[in-house]
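Peer 1: Here's a structure for you.
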Amino acid sequence: MEHRWARTARMVQLMEVLAPVEGYNLSALDDVRFLRSNQPLRRTPVLYDPGIVILCQGRKRGYLGEDVYVYDAQHYLVVSVPVPFTMETDASPAEPMLAVYMRLDFRLASELLMEVDSAIGPTRLPPKGMYSSPMDDRLADSTLRFLEAMTDPDDAVILGPALVRELYYRVLAGEQGGSLRAALNQQGHFARVTRAIRKIHSHYQEGLSVEALAREATMSVPSFHLHFRRVTDSTPMQYLKSTRLHQARLLMLRSDMSAAAAAFAVGYESPSQFSREFKRFFGRTPVAEVQWMKATYGLPAPASPSVFVSSH
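Residue 69 in numbering that gives the first Met the number 0 sits at position 70 of the sequence shown; the count goes up by one each step and never skips.
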């Protein structure tokens with residue numbers, strides 16, 4: 000117990016160095032960022048990139064349908080496909096939320112997948128778009144070594160990639176790692192729905208229909224509806240709308256687009272309809288939301304897994 004307390008305290012100390020400012024702090028590795036949040040956040044719609052989130056201090060809760068995903072110093076979060084959900088954060092200036100975010104490297108994960116399956120056998124767990132899982136001592140020790148290396152510029156560049164690989168291995172071989180391995184194997188209905196999700200993220204500005212997305216997934220429309228909801232807890236059209244709204248927020252925040260210009264850019268024909276749906280979704284007008292984002296994450300706004308999604 001004393002070792003665990005000392006390890007956690009050291010991780011927080013290192014994160015204070017790696018995440019000195021509020022928001023997302025870049026690292027020496029393209030797919031790794033360090034997050035600091037000094038204030039609690041109420042439930043906010045988010046759309047994570049596929050990735051791994053490890054908290055060293057504070058707590059986040061993700062709400063997807065009737066499921067609640069808690070990730071804190073004792074639990075990490077894994078996202079295998081972009082899933083829209085709502086999230087809230089426990090944090091304060093005295094105890095900021097400090098987290099490591101690793102965008103999922105599918106090439107690296109797939110390489111390790113074969114080795115892990117060979118060593119411990121194929122998984123029997125069903126694939127999941129998102130899950131939270133307890134941090135065991137081995138993953139926590141690997142995280143501490145990774146943070147130690149990232150505080151030294153030379154170690155970060157030379158040792159960082161190998162330590163990221165170690166973290167991936169710990170996750171894939173962990174208690175629920177089989178769900179990620181099953182998702183990466185891309186088999187069955189999960190894989191078909193994932194193809195449709197990729198289509199949405201690469202063509203969200205076009206007039207996509209449920210029928211077109213079902214054809215992309217090579218499924219009948221009723222079957223596609225059923226399995227899409229199982230993966231995302233959303234209908235295809237609700238998912239498309241949330242993707243457009245998140246992308247519009249990104250355009251307004253980082254490209255200084257007006258609400259009307261962003262609306263047309265993501266596929267809306269009516270700026271007034273866009274503004275109504277935006278306020279209903281985010282709880283603020285487009286202008287107020289951008290102002291809040293700038294105040295919360297700072298400028299320039301680095302790509303945030305809780306805000307932006309890129310296609311696979």
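Where a beta carbon is used, it is the ideal one built from N, C-alpha and C, also for glycine.
Per DSSP, which residues does Q290 bridge with? Please list them.
Peer 2: If you number the sequence shown from 1, residue 290 lands on position 291. The partner list for Q290 (beta bridge, DSSP) is empty, contrary to what the question assumes.
Peer 1: For H2, does the count of other Cβ atoms within 10 angstroms reach 16, so buried, or fall short, so exposed?
Peer 2: Start at 1 with the first residue of the sequence shown, and residue 2 comes out as number 3. Exposed.
Peer 1: What whole-angstrom Cβ distance do A18 and A155 have, given they're in contact under 8 Å?
Peer 2: Taking the first residue of the sequence shown as 1, we reach residue 18 at position 19. Taking the first residue of the sequence shown as 1, we reach residue 155 at position 156. Incorrect: roughly 14 Å between the Cβ atoms, too far for contact.
Peer 1: Under 8 Å by Cβ, that's how I've got L103 and I51 pegged, so tell me the actual separation to the nearest angstrom.
Peer 2: For the purposes of this step, residue 103 is identified with residue 104 of the sequence shown, where counting begins at 1. For the purposes of this step, residue 51 is identified with residue 52 of the sequence shown, where counting begins at 1. The Cβ separation is near 7 Å, so the contact holds.
Peer 1: What residue does the alpha helix (DSSP H) around Y238 start on, and which one ends it?
Peer 2: Against the sequence shown, residue 238 aligns to sequence position 239. Residues P235 to S254.
Peer 1: Taking only three categories from DSSP, how would you classify T150?
Peer 2: Walking along the sequence shown from the start, residue 150 turns up at place 151. In the structure shown, T150 sits in coil (DSSP, three-state: anything other than H, G, I, E or B).
Peer 1: Excluding five sequence neighbours on each side, which residues of the same chain lie with their C-beta closer than 6 Å to the C-beta of T122?
Peer 2: Here residue 122 corresponds to residue number 123 of the sequence shown, with the count starting at 1. Closer than 6 Å at the Cβ level, and outside the excluded window around T122, lie G177, R180 and A181.
Peer 1: Measuring straight from C-alpha to C-alpha, what distance separates L250 and A161?
Peer 2: Counting from one through the sequence shown, the residue named residue 250 turns up at place 251. Counting from one through the sequence shown, the residue named residue 161 turns up at place 162. Straight-line Cα distance between these residues: approximately 35 Å.
Peer 1: Determine which residues share a DSSP beta bridge with Y68 and list them.
Peer 2: The sequence position of residue 68 within the sequence shown is 69, counting from 1. According to DSSP, which records beta bridges pairwise, Y68 is partnered with G61.
Peer 1: Sorted by chain position, which residues of the same chain lie with C-beta nearer than 7 Å to W4's C-beta, five sequence neighbours on each side aside?
Peer 2: Position 5 of the sequence shown, counted from the start, is the residue given in the question as residue 4. Result list for W4: empty, nothing under 7 Å.
Peer 1: Report the rounded CA-to-CA distance for F307 versus G120, giving the unit in angstroms.
Peer 2: As a working mapping, residue 307 is identified with position 308 in the sequence shown. As a working mapping, residue 120 is identified with position 121 in the sequence shown. For F307, the pLDDT reaches just 36, beneath the cut-off of 50, and the residue's location in the model is therefore unreliable, leaving the point undetermined.
Peer 1: L46 and A72 look like a contact to me (Cβ under 8 Å); what is the Cβ gap, rounded to whole Å?
Peer 2: Taking the sequence shown and counting its residues from 1, one reaches residue 46 at position 47. Taking the sequence shown and counting its residues from 1, one reaches residue 72 at position 73. The Cβ separation is near 25 Å, so there is no contact.
Peer 1: Please state whether DSSP places R164 in a helix, a strand or coil.
Peer 2: Stepping through the sequence shown from its first residue, residue 164 is reached at position 165. If DSSP states are grouped into helix, strand and coil, R164 belongs with the helices.
Peer 1: Take the Cβ of S241 as the centre, count every other Cβ of all protein chains shown within 10 Å, and call the residue buried at 16 or more, exposed below.
Peer 2: The residue you call residue 241 lines up with position 242 of the sequence shown. S241 comes out buried.
Peer 1: Using beta-carbon positions only, say whether L207 and L239 come within less than 8 Å of one another.
Peer 2: Position 208 of the sequence shown holds residue 207. Position 240 of the sequence shown holds residue 239. Cβ atoms of L207 and L239: closer than 8 Å.
Peer 1: Taking just the CA atoms, how far does A148 sit from T43?
Peer 2: The count along the sequence shown starts at 1 and reaches residue 43 at position 44. The count along the sequence shown starts at 1 and reaches residue 148 at position 149. Approximately 33 Å, taken between the alpha carbons.
Peer 1: Just to confirm before moving on: does the CB-CB distance between L183 and S109 stay below 8 Å?
Peer 2: Mapped onto the sequence shown, residue 183 falls at position 184. Mapped onto the sequence shown, residue 109 falls at position 110. Yes, the pair counts as a contact, with Cβ atoms nearer than the cut-off.
Peer 1: Secondary structure at T122, three-state DSSP: helix, strand or coil?
Peer 2: Here the question's residue 122 lines up with position 123 in the sequence shown. Residue state, collapsed to three classes: coil.
Peer 1: Report the rounded CA-to-CA distance for Y62 versus P126, giving the unit in angstroms.
Peer 2: Along the sequence shown, one-based indexing puts residue 62 at 63. Along the sequence shown, one-based indexing puts residue 126 at 127. Their backbone Cα atoms lie some 18 Å apart in a straight line.
Peer 1: Are three or more beta carbon pairs between the region 137-148 and the region 167-175 nearer than 8 Å?
Peer 2: In short, these stretches touch, since the Cβ pair count reaches three.
Peer 1: Can you tell me which residues form a DSSP beta bridge with G22?
Peer 2: Position 23 of the sequence shown, counted from the first residue, corresponds to residue 22. Looking at the DSSP assignment, G22 forms a beta bridge with R35.
Peer 1: Under 8 Å between the Cβ atoms of T217 and R197?
Peer 2: Taking the sequence shown and counting its residues from 1, one reaches residue 217 at position 218. Taking the sequence shown and counting its residues from 1, one reaches residue 197 at position 198. Not closer than 8 Å, so no.
Peer 1: Identify whether P317 lies in helix, strand or coil by the three-state DSSP scheme.
Peer 2: Nothing about residue 317 can be read from this structure; the chain reaches only from 0 to 311.
Peer 1: Below 8 Å, how does it come out for the region 25-40 and the region 89-105: are there three or more Cβ pairs, yes or no?
Peer 2: yes
Peer 1: Exposed or buried, which one is E215 when buried takes at least 16 other CB atoms within 10 Å?
Peer 2: Taking the first residue of the sequence shown as 1, we reach residue 215 at position 216. Buried.
Peer 1: So who's on the other strand from I51, going by DSSP bridges?
Peer 2: Working through the sequence shown from its first residue, we reach residue 51 at position 52. I51 is bridged to V77 and M101.
Peer 1: Smallest Cα separation from A294: which of E21, M0 and L244?
Peer 2: What you label residue 294 is simply residue 295 of the sequence shown in a count that begins at 1. It is E21 whose Cα lies nearest to the Cα of A294.
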